[in-house]
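These notes concern the structure reproduced below.
Chains as they are written, first to last, in my numbering: chain C, 457 to 660; chain Y, 57 to 316.
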């Protein structure tokens, strides 16, 4: 069953609602006992990097999640700050990230961006898949998603980049490494494009 | 390409939706959840939902209503009305709302903006400034549904709240509210030139061309409207409506040309 990790951050209900509408079984995990029925994990997140890492630590679920992800190779999808904490570190915080993908999170440099760019990057933007990926399967070529962030994910290796978005410069908006996936945008708030992506994740 | 955000704004009073003219003469429009369902179907870019009585009546946000809204809403949602503490803002975000708007309380207690931003992140903090043109042509910020003067100009306030950590400023023009005669473009430009965070204009939109004019002048910006998305026709029959994809693409193109 798709299991949304509820560690006190992010819009858990919105994911539950999307899956309910798609008639895909979904559950919410608040502690490690709730992870027993999980077959796929969603790691949401809003707010700051350090706060997300701290809250995830305090949830007590992290050791069990690591077991599922690395021993059972269970797919996990990080969303927004839930994606960013997959990296090693962030310009936003002092704490180390999970480091599951070789990457750092950087702050957009507004001074080097074209006039008419503002921070946070807020609104609907295009997503360009650069590899043929299961997450973007069946998606219109004009797929667009809702973004709300001031920091962006920067992979060390091109091979971990699944899709890019242009905001002043192209940045990594969807990334993957084996069974670990992350997207910067909010599929749970991106109408039919987002539903399609979440459905695709459930079918991996 | 980042697109302009075209945002229906819904006003909440006595458990129902209303629409005002110059912040007065509120008319009942319908049920909030029903309206959200229609905007879901029409795939609106975002929604702004403002409880216009919470501050005036000194009541806290109606959390159970917010929860229902957030659960129904399939697009990003900004809630405003009666938010006075960091805890309330955190709770609202926890209910599944993307952005929390503060208005009167930000004027009374500006440091609240930074405290909330620290907890939930700048990107989720919106300051709504209700603005009225004075006799001398200055745009002054008002509170309590336009009844109290603050003595601050809109540009002063917008700059100040940007510094304090707001992630977006929404300018609500009292003079243009319900007029459907176009946005106050001078007001829009003045604020756009003064800050480097996202900006949304509310008040005055009556047609597609009003929104096009705004983006031609300001580029990628938030264009919010009440009347335009709840009324239809000359006699203002209540009918929830929104732009189609083709209309939205035209607006995006106009914004793109400005930014080039």
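Beta carbons are placed, not taken as given, at the ideal position from N, Cα and C, and that holds for glycine.
- Query: Which whole runs of the alpha helix (DSSP H) in the segment 128-170 of chain Y are 4 residues long or more, in chain order?
  - Reply: 142-150, 160-164, all fully within the segment 128-170 of chain Y.
- According to DSSP, is residue 67(Y) helix, strand or coil? Here residue 67(Y) sits in strand by DSSP.
- Item | Distance CB(residue 554(C))-CB(residue 501(C)) smaller than 8 Å | In terms of Cβ geometry, residue 554(C) and residue 501(C) do not form a close pair [threshold 8 Å].
- Can you tell me the Cα-Cα spacing of residue 320(Y) and residue 226(Y), whole angstroms? Nothing about residue 320(Y) can be read from this structure; chain Y reaches only from 57 to 316.
- Query: Applying a beta-carbon distance threshold of less than 8 Å, which residues of chain C neighbour residue 126(Y)?
  - Reply: Within 8 Å Cβ-Cβ: 467, 469, 470.
- Query: Fully enclosed by the segment 199-268 of chain Y, which beta strand (DSSP E) runs are 3 residues long or longer?
  - Reply: 204-209, 224-229, 255-258, all fully within the segment 199-268 of chain Y.
- Leaving out the 5 sequence neighbours to the left and right, which residues in its chain are closer than 6 Å to residue 100(Y) when beta-carbon positions are compared? Close CB contacts of residue 100(Y) within its chain, under the 6 Å cut and outside five residues either way in sequence, are with 64, 131, 298 (chain order).
- Specify the secondary structure class of residue 85(Y) as computed by DSSP and reduced to three states. Of the three classes helix, strand and coil, the one that applies to residue 85(Y) here is strand, per DSSP.
- Which of helix, strand or coil does DSSP assign to residue 525(C)? Residue state for residue 525(C) is assigned as helix, using DSSP reduced to three classes.
- Item | Residue nearest to residue 216(Y) in terms of C-alpha spacing, selected from 191(Y), 184(Y), 200(Y), 239(Y) | Sorting 191(Y), 184(Y), 200(Y), 239(Y) by C-alpha distance to the C-alpha of residue 216(Y) places 184(Y) at the top.
- At 9 Å on the CB atoms, spell out the chain Y contacts of residue 661(C), in chain order. Since the first residue of chain C shown is 457 and the last is 660, residue 661(C) is not available in this structure.
- Counting contacts by CB-CB distance shorter than 8 Å, is residue 273(Y) in contact with chain C? No, residue 273(Y) does not count as interfacial toward chain C.
- Item | Proximity below 8 Å, CB of residue 140(Y) to CB of residue 154(Y) | Not in contact: residue 140(Y) and residue 154(Y) (Cβ atoms no closer than 8 Å).
- Message: With a threshold of 8 Å between beta-carbons, can residue 118(Y) be considered close to chain C, or not?
- Response: The beta-carbon of residue 118(Y) is placed no less than 8 Å from the nearest beta-carbon of chain C.
- When Cβ atoms are compared, which residues of the segment 558-591 of chain C fall closer than 9 Å to chain Y? If the cut-off is 9 Å between Cβ atoms, the segment 558-591 of chain C has 566, 570, 571, 572, 573, 574, 575, 576, 577, 578, 579, 580, 581, 582 near chain Y.
- Does the beta carbon of residue 171(Y) sit closer than 8 Å to a beta carbon anywhere in chain C? Taking Cβ atoms only, chain C never reaches closer than 8 Å to residue 171(Y), which makes this a no.
- Query: Hey, is residue 597(C)'s beta-carbon within less than 8 Å of any beta-carbon in chain Y?
  - Reply: Taking Cβ atoms only, chain Y never reaches closer than 8 Å to residue 597(C), which makes this a no.
- Message: Using only CA atoms, which one of 212(Y), 81(Y), 224(Y), 264(Y) lies nearest to residue 52(Y)?
- Response: Residue 52(Y) cannot be examined here, being either before or after the span of chain Y that is shown, 57 to 316.
- Is any beta-carbon of chain Y found at less than 8 Å from that of residue 546(C)? For residue 546(C), the closest Cβ of chain Y is not nearer than 8 Å.
- Query: Assuming residue 256(Y) contacts residue 278(Y) under a Cβ cut-off of 8 Å, what Cβ separation, rounded to an integer in Å, is found between them?
  - Reply: Between residue 256(Y) and residue 278(Y) a beta carbon distance of about 3 Å is seen, short of the 8 Å cut, so the two are scored as contacting.
- Could you check if residue 234(Y) is buried or exposed, using at least 16 other CB atoms within 10 Å of its CB as the buried criterion? With 16 or more other Cβ atoms within 10 Å, it is buried.
- chain C residues whose Cβ lies nearer than 7 Å to that of residue 202(Y): Ordered by position in chain C, no residue passes the 7 Å Cβ test against residue 202(Y), which lies about 27 Å from the chain.
- Would you call the CB atoms of residue 318(Y) and residue 267(Y) closer than 8 Å? In the structure displayed, chain Y extends from 57 to 316; residue 318(Y) sits before or after that span and is not available.
- Item | Partners in chain Y for residue 623(C), counting only beta-carbon separations shorter than 8 Å | Residues of chain Y passing the Cβ test: 58.
- Integer Cβ distance of residue 280(Y) from residue 260(Y), believed to fall under 8 Å: Actually they do not touch by this definition, with Cβ atoms about 10 Å apart.
- Item | Three or more C-beta pairs below 8 Å linking the segment 523-535 of chain C and the segment 608-626 of chain C | Cβ pair count under 8 Å is below three, so no.
- Message: Short of 7 Å in beta carbon distance, which residues of its chain neighbour residue 645(C), apart from the five on each side in sequence? Order them along the chain.
- Response: So the qualifying residues of the chain are 470, 602.
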